[in-house]
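Numbering (mature numbering (1 follows the signal peptide of the UniProt record, and there is no 0)), first residue to last: -24 to -1, 1 to 474. Using N, Cα and C, we set each Cβ at its ideal position, and we do this for glycine too. Keep in mind the model is a prediction, meaning the values are calculated, not measured.
Structure representation (structure tokens):
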């Protein structure tokens, strides 16, 4: 399960409608790729047909923007695949700019990352995520991190959803063995197709790319808004280039000090499921009835006995059911969608959950998610250790431990070495605004508290509520304080609460 941030929110609404659900509120076989070319890494999929015909400027040269995607401007810059070999192979990084609506009073540029890993900053900016008060004073810049979309999009020959077609059930030897086999096939195929690009998709390289974007824009400093995994990018950028930061907002913090196989996220989703069920029990119109968890357990037992067939798609397996439950928990506004899917599956229709599971993988590049997470974190290398930790997670988060198993196995045998991130110190970094949501399912609130303690002079803005990330969603108390900080550099009180 990934901390997908706004990249999930941007995609979910339309995808849920496509799944036939009302939104309330708010492959081929493995083959080796040719050797790395002088300009394009192996395994990089062709960029989208909507990519602009902007010239790719060399590293250090000014970005050349052209009109694109309606009222936006697009550019591409060239960066090394490996920064330790600056004259070696290169890739291009796609950028979009939304010019400040009040150019006469512009304060500079605001770079935005929506999360993932694997989320598109270009799509986020074009979706209008940034509040108008801030968009008036900044050129808002979105970019696709390397491995995503218009920036050497990573594609593995075997889909990352394959291990979920079965039953990744910790504690069941057959489920563990079949999941391990599926993960091994995926890892091997991804490594064979992308071996020269995979070692250079970590957050340290993304931060270097971000500074190359800053230089290409002719800016001495940037302001930065990072959601979810985007907070990891912000932490690393702040360590590498603190003097280049004017202001930094980190919403839904990823704790880079935690090991990769950490059960806290699964436990947070379990808590959100309980919150959903409790809310449902108070609503006569909730389609999951007074005991939504009991309904989910019935559905789970049913698909464990025999996956539910879905016309035109693979059947709804236990693993895919887990992901179908995860997705609507990202936002409280999508809880009615979860209730509808539960009722449908309880009646024998697995289609809504199966389409939600498909959307989970479409919301961001899940191959890139795996590549970045396996690089950035410390993971057990012995599958037996993964089995043991996933079984422990099963006791605390019984509805979400399958993802712990799949993630752990994926990174245990990932084909490139780990390069774990180190804790930020905040040395030289200006005062930073950190936002934490108390019932965030994907990035536990404790992460935001911990980061606020690590960064001297920072402020923690707490939102008492549900859902993953909050800024820009119309919560006036939150938006006003963040807007004020970005525009005037005035932090809220150290323990502000909304």
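Which residues mark the beginning and the end of the alpha helix (DSSP H) in which residue i is found?
i: residue 251; result: 240 to 257
i: residue 132; result: Element bounds for residue 132: n/a, residue is neither H nor E.
i: residue 427; result: 421 to 430
i: residue 345; result: 342 to 352
i: residue 327; result: 327 to 338
i: residue 320; result: 311 to 322
i: residue 386; result: 377 to 388
i: residue 365; result: 359 to 372
i: residue 462; result: 452 to 464
Between which two residues does the beta strand (DSSP E) holding residue i run?
i: residue 114; result: 114 to 119
i: residue 286; result: 284 to 286
i: residue 199; result: 198 to 203
i: residue 222; result: 221 to 227
Going by the beta-carbon positions, is the gap between residue i and residue j smaller than 8 angstroms?
i: residue 345; j: residue 303; result: no
i: residue 68; j: residue 53; result: yes
i: residue 297; j: residue 252; result: no
i: residue 489; j: residue 348; result: The question about residue 489 has no answer, for the chain in this structure spans -24 to 474.
i: residue 442; j: residue 244; result: no
i: residue 228; j: residue 413; result: yes
i: residue 89; j: residue 231; result: no
i: residue 86; j: residue 462; result: yes
i: residue 343; j: residue 136; result: yes
i: residue 421; j: residue 474; result: no
i: residue 125; j: residue 96; result: yes
i: residue 226; j: residue 427; result: yes
i: residue 102; j: residue 48; result: yes
i: residue 70; j: residue 341; result: no
i: residue 459; j: residue 109; result: yes
i: residue 431; j: residue 406; result: no
i: residue 362; j: residue 326; result: no
i: residue 192; j: residue 75; result: no
i: residue 299; j: residue 140; result: yes
i: residue 408; j: residue 224; result: yes
i: residue 482; j: residue 222; result: With the chain represented from -24 up to 474, any question about residue 482 goes unanswered, as that position is not in the structure.
i: residue 485; j: residue 455; result: Lying before the first or after the last residue shown, residue 485 is absent from the chain, which here runs from -24 to 474.
i: residue 388; j: residue 377; result: no
Run through the DSSP bridge pairs and tell me what residue i is partnered with.
i: residue 437; result: 411, 472
i: residue 292; result: 284
i: residue 49; result: 43, 73
i: residue 56; result: 66
i: residue 33; result: 53
i: residue 442; result: 415
**Request:** Answer yes if the region 375 to 382 comes into contact with the region 195 to 208, meaning at least three C-beta pairs across the two stretches below 8 angstroms, and no otherwise.
**Result:** Fewer than three beta-carbon pairs drawn from the region 195 to 208 and the region 375 to 382 are found closer than 8 angstroms, and the two stretches are therefore not classed as touching.
**Cβ contact check for the region 347 to 354 and the region 219 to 236: 3 or more pairs under 8 angstroms** = yes
**Message:** Would you call the region 137 to 155 in contact with the region 99 to 119, where contact means no fewer than 3 C-beta pairs closer than 8 angstroms?
**Reply:** No: the two stretches stay apart, fewer than three of their Cβ pairs being nearer than 8 angstroms.
**Item:** Minimum length 3: unbroken beta strand (DSSP E) runs contained in the region 64 to 127
**Value:** 66 to 74, 84 to 89, 114 to 119
**Prompt:** Just checking, does the region 286 to 297 make contact with the region 254 to 261 on the three C-beta pairs under 8 angstroms criterion?
**Reply:** Contact between the region 286 to 297 and the region 254 to 261 is absent, because fewer than three Cβ pairs lie under 8 angstroms.
**Message:** Does the structure place the region 40 to 59 close enough to the region 173 to 189 that three or more beta carbon pairs sit under 8 angstroms?
**Reply:** yes
**Request:** Count the C-beta pairs between the region 316 to 327 and the region 114 to 128 that are closer than 8 angstroms, then say yes if the count reaches three, no if not.
**Result:** The region 316 to 327 is not in contact with the region 114 to 128.
**Message:** Three Cβ pairs or more, each shorter than 8 angstroms: is that satisfied between the region 262 to 275 and the region 445 to 452?
**Reply:** Not touching, per the Cβ criterion.
**Request:** May I ask you to verify whether the region 166 to 178 touches the region 300 to 317, counting CB pairs closer than 8 angstroms and requiring at least 3?
**Result:** no
**Message:** Quick check for students: name the residue ranges of the beta strand (DSSP E) that lie wholly in the region 170 to 200, counting only runs of 3 or more.
**Reply:** none
**Item:** Uninterrupted alpha helix (DSSP H) stretches inside the region 135 to 172 (no shorter than 4 residues)
**Value:** Entirely contained in the region 135 to 172, the alpha helix (DSSP H) runs reaching 4 residues are, in chain order, 149 to 170.
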